[in-house]
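S.K.:
Chains as they are written, first to last, in the numbering used here: chain A, 1070 to 1268; chain B, 1070 to 1268.
Now the structure itself:
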């Protein structure tokens, strides 16, 4: 192909390597960058390197942070007797948005998935057990995703924690608020029935 | 929100500013970057700055290039008597992929669109007229998009060129190869009928 602008092609390739970005979108994004002021491209570039350099895992909860220990773990206002165990940092974001949960978190960074070669050792389970060792935690909320892997991981960790006498809870299953019963799958509906409450 | 990692938020914002990237996708892309080796982020960052710094407009055809004059304009093998006028550099890419067209190009960088405040002076029309002045070009192919603005721009430029005695052509309208007549709109079908050929 005669039309081959090296730096442009490289930029298209870099965009194309991102998940869910195809060739056409990558081209459109690259052309867009070229159409923007130089400062935009530079700011984007430094955001990439800065994020990758400065953001790492919190030494306590394993969530992403720019500090050694994240602001949630160091916040004296939070309830240190409760730990909510989630799969990834995105889940922490979602919980924090509710502004309801006041305890701490622990991020596993995945789920046990033998097919993908991910066993308990690849997850931050050892780090969780270390945090539970001093007896200050009274409740662990298992908030892994409601998938087969999420369930398996939750029950694996529950079995590890149970002997320590810590209360273990799981997020309630049920119909989503604002949803239509027509679209609820039967498994969810069955769980919603099982978990029904008096009003 | 307590969960606020500065560099991560900045990266999400940068992704979100790209066209067709929403908040959720921006978050997913940013988390993906953090999950990748540091070299990936650095290579992406340098691709951004390099492309923006090194790529500029060809001094002849106004297409994107890293050189003063692009490889197509300097290629002695190409037919210098034909210029294909397109709206943007992406169109040049598409033409070059066919490997059929052997002439030169001229990129307008837009179409006349009074509603968006784009008049003939904002496009690279003056540069096209300069190229045509020496009389070496025998044919100009108007290959703007088959939209109202593309048509208007093509006919505006045609009126400018006509007095110079240069042949002006327009891409053929018709049904796309491999398409189904069922999905052809009636305007396209009418044009296909009008342009029918003997077989």
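All residues carry an ideal CB built from backbone N, CA and C; glycine is no exception.
By Cβ distance, which residues of its chain are closer than 7 angstroms to residue 1230 of chain A, with the 5 residues on each side in sequence left out?
M.R.: For the purposes of this step, residue 1230 of chain A is taken as residue 161 along the first chain, with counting starting at 1. Cβ neighbours of residue 1230 of chain A beyond the five flanking positions: 1201, 1209 and 1237.
S.K.: Please report whether the beta-carbon of residue 1182 of chain A lies at a distance below 8 angstroms from any beta-carbon of chain B.
M.R.: Within the first chain, residue 1182 of chain A is the residue found at index 113, counting from 1. Chain B, which has no Cβ nearer than 8 angstroms to the Cβ of residue 1182 of chain A, makes this no.
S.K.: Residue 1173 of chain A lies in the beta strand (DSSP E); which residues open and close that run?
M.R.: What you label residue 1173 of chain A is simply residue 104 of the first chain in a count that begins at 1. Element bounds for residue 1173 of chain A: 1172 to 1176.
S.K.: Is it buried or exposed for residue 1171 of chain B, if we count other Cβ within 10 angstroms and need 16 for buried?
M.R.: Taking the first residue of the second chain as position 1, residue 1171 of chain B is located at position 102. The residue in question, residue 1171 of chain B, is exposed, as its Cβ has fewer than 16 Cβ neighbours within 10 Å.
S.K.: Taking C-beta to C-beta, are residue 1181 of chain B and residue 1242 of chain B nearer than 8 angstroms?
M.R.: Taking the first residue of the second chain as 1, we reach residue 1181 of chain B at position 112. Taking the first residue of the second chain as 1, we reach residue 1242 of chain B at position 173. No, these two residues do not count as a Cβ contact at 8 angstroms.
S.K.: Given a limit of 9 angstroms on CB to CB distance, which residues of the stretch 1225 to 1250 of chain B reach chain A?
M.R.: Cβ contacts with chain A: none found.
S.K.: Taking residue 1244 of chain A and residue 1261 of chain A to be in contact with their CB atoms under 8 angstroms, please state how far apart those CB atoms are, rounded to whole angstroms.
M.R.: Numbered from 1 along the first chain, position 175 holds the residue referred to as residue 1244 of chain A. Numbered from 1 along the first chain, position 192 holds the residue referred to as residue 1261 of chain A. That pair is a contact at about 5 angstroms.
S.K.: Considering just the uninterrupted stretch of the alpha helix (DSSP H) at residue 1141 of chain B, what are its terminal residues?
M.R.: Locating residue 1141 of chain B in the second chain gives position 72, where the first residue counts as 1. Note, residue 1141 of chain B: alpha helix (DSSP H), 1140 to 1143.
S.K.: On a Cα-Cα basis, can you pick out the residue from A:1149, A:1164, A:1204 and A:1203 that is closest to residue 1155 of chain A?
M.R.: Stepping through the first chain from its first residue, residue 1155 of chain A is reached at position 86. Selected option, being the one with the closest Cα: A:1164.
S.K.: At the 8 angstroms Cβ level, is residue 1112 of chain B part of the contact set with chain A, yes or no?
M.R.: Reading the second chain from its first residue, position 43 is the one you call residue 1112 of chain B. Yes, because at least one Cβ of chain A sits closer than 8 angstroms to the Cβ of residue 1112 of chain B.
S.K.: Counting only runs of 3+ residues fully inside the stretch 1194 to 1238 of chain A, write out the beta strand (DSSP E) ranges in chain order.
M.R.: The stretch 1194 to 1238 of chain A contains these whole beta strand (DSSP E) runs: 1208 to 1211.
S.K.: Using a Cβ cut-off of 9 angstroms, which residues of the stretch 1199 to 1215 of chain B contact any Cβ in chain A, in chain order?
M.R.: Cβ contacts with chain A: none found.
S.K.: Chain B beta carbons: is any one of them nearer than 8 angstroms to that of residue 1118 of chain A?
M.R.: Walking along the first chain from the start, residue 1118 of chain A turns up at place 49. Yes, because at least one Cβ of chain B sits closer than 8 angstroms to the Cβ of residue 1118 of chain A.
S.K.: From residue 1146 of chain B to residue 1205 of chain B, what does the alpha carbon distance come to, in whole angstroms?
M.R.: Within the second chain, residue 1146 of chain B is the residue found at index 77, counting from 1. Within the second chain, residue 1205 of chain B is the residue found at index 136, counting from 1. Going by the C-alpha atoms only, they are around 15 angstroms apart.
S.K.: Provide the residue(s) that pair with residue 1154 of chain B in DSSP beta bridges, ordered along the chain.
M.R.: Within the second chain, the letter at position 85 stands for residue 1154 of chain B. Beta-bridge pairing links residue 1154 of chain B to B:1175 and B:1211.
S.K.: Apart from the five residues on each side of it in sequence, which residues of its chain come closer than 6 angstroms, Cβ to Cβ, to residue 1089 of chain A?
M.R.: As a first step, residue 1089 of chain A is located in the first chain; it is residue number 20 there, counting from the start. There are no such residues.
S.K.: Among A:1254, A:1207, A:1240 and A:1124, whose alpha-carbon lies nearest the alpha-carbon of residue 1232 of chain A?
M.R.: For the purposes of this step, residue 1232 of chain A is identified with residue 163 of the first chain, where counting begins at 1. With distances taken between Cα atoms, residue 1232 of chain A lies closest to A:1207.
S.K.: At the level of alpha carbons, what is the spacing between residue 1258 of chain A and residue 1249 of chain A?
M.R.: Reading the first chain from its first residue, position 189 is the one you call residue 1258 of chain A. Reading the first chain from its first residue, position 180 is the one you call residue 1249 of chain A. One C-alpha to the other measures close to 11 angstroms.
S.K.: Just the C-alpha distance for residue 1166 of chain A and residue 1132 of chain A, rounded to the nearest angstrom, thanks.
M.R.: Against the first chain, residue 1166 of chain A aligns to sequence position 97. Against the first chain, residue 1132 of chain A aligns to sequence position 63. Roughly 16 angstroms separates the two Cα atoms.
S.K.: I need the straight-line Cα distance from residue 1148 of chain A to residue 1106 of chain A, nearest angstrom please.
M.R.: Within the first chain, residue 1148 of chain A is the residue found at index 79, counting from 1. Within the first chain, residue 1106 of chain A is the residue found at index 37, counting from 1. The alpha-carbon atoms of residue 1148 of chain A and residue 1106 of chain A are separated by roughly 47 angstroms.
S.K.: Could you tell me if residue 1217 of chain A is buried or exposed, where buried requires 16 or more neighbouring beta carbons within 10 angstroms of its beta carbon?
M.R.: Walking along the first chain from the start, residue 1217 of chain A turns up at place 148. Residue 1217 of chain A should be labelled exposed.
S.K.: Rounded to whole angstroms, how far is the Cβ of residue 1215 of chain A from the Cβ of residue 1135 of chain B, which I believe are closer than 8 angstroms?
M.R.: Taking the first chain and counting its residues from 1, the one referred to as residue 1215 of chain A is at position 146. Taking the second chain and counting its residues from 1, the one referred to as residue 1135 of chain B is at position 66. Wrong, their Cβ atoms sit about 51 angstroms apart, outside the cutoff.
S.K.: Determine the extent of the alpha helix (DSSP H) in which residue 1101 of chain B is found, giving its start and end residues.
M.R.: Position 32 of the second chain, counted from the first residue, corresponds to residue 1101 of chain B. First-last of the alpha helix (DSSP H) with residue 1101 of chain B: 1092 to 1104.
S.K.: Taking 8 angstroms as the CB-CB limit, is residue 1134 of chain B close to chain A?
M.R.: Stepping through the second chain from its first residue, residue 1134 of chain B is reached at position 65. True, the Cβ-Cβ gap to chain A drops below 8 angstroms.
S.K.: Relative to the C-alpha of residue 1119 of chain B, which candidate in A:1110, A:1124 and A:1152 has its C-alpha closest?
M.R.: Within the second chain, residue 1119 of chain B is the residue found at index 50, counting from 1. Out of A:1110, A:1124 and A:1152, A:1110 has the C-alpha closest to the C-alpha of residue 1119 of chain B.
S.K.: Among A:1108, A:1137, A:1114 and A:1193, whose alpha-carbon lies nearest the alpha-carbon of residue 1223 of chain A?
M.R.: For the purposes of this step, residue 1223 of chain A is identified with residue 154 of the first chain, where counting begins at 1. When each option's Cα is compared against that of residue 1223 of chain A, the closest is A:1193.
S.K.: Contact criterion: CB-CB distance below 8 angstroms. Does residue 1124 of chain A meet it with respect to chain B?
M.R.: Along the first chain, one-based indexing puts residue 1124 of chain A at 55. So yes, residue 1124 of chain A belongs to the interface.
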